[in-house]
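Asker:
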């Protein structure tokens, strides 16, 4: 904030195959669904998420605060598909 000069931003990553995500059980289905319903169809990578975090921590992002950066290949902009499956 203003008093301390802190910047606060959020990274909202879409589904990607991390070790933590494997505990969900149906992460593979989530990844395929996101790939099939996103403008950019390749899978999200940890490197993309990490590069965004590095950018936000760098002087290049010194004017950015209070923002959510979506790393989801555009999925967040697509809305909910009518024929979405039930993930189990």
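Numbering (my numbering), first residue to last: -1 to 86.
Where a beta carbon is used, it is the ideal one built from N, C-alpha and C, also for glycine.
In this structure, does DSSP put residue 50 in helix, strand or coil?
Answerer: Helix at residue 50.
Asker: Among 57, 63, 69, 44, which one has its Cα closest to the Cα of residue 127?
Answerer: Residue 127 lies beyond the stretch modelled for the chain, which goes from -1 to 86, so this question has no answer here.
Asker: Check for me: the alpha helix (DSSP H) holding residue 42 runs from which residue to which?
Answerer: Where residue 42 is concerned, there is no enclosing alpha helix (DSSP H), given that its DSSP letter is neither H nor E.
Asker: Are the CB atoms of residue 12 and residue 42 within a distance shorter than 8 Å?
Answerer: Yes, they are a contact pair.
Asker: Check the DSSP bridge columns for residue 11 and list the partner residues they point to.
Answerer: According to DSSP, residue 11 bridges with 69.
Asker: Return helix, strand or coil for residue 34, following the three-state DSSP convention.
Answerer: The answer is helix: DSSP assigns residue 34 an H, G or I state.
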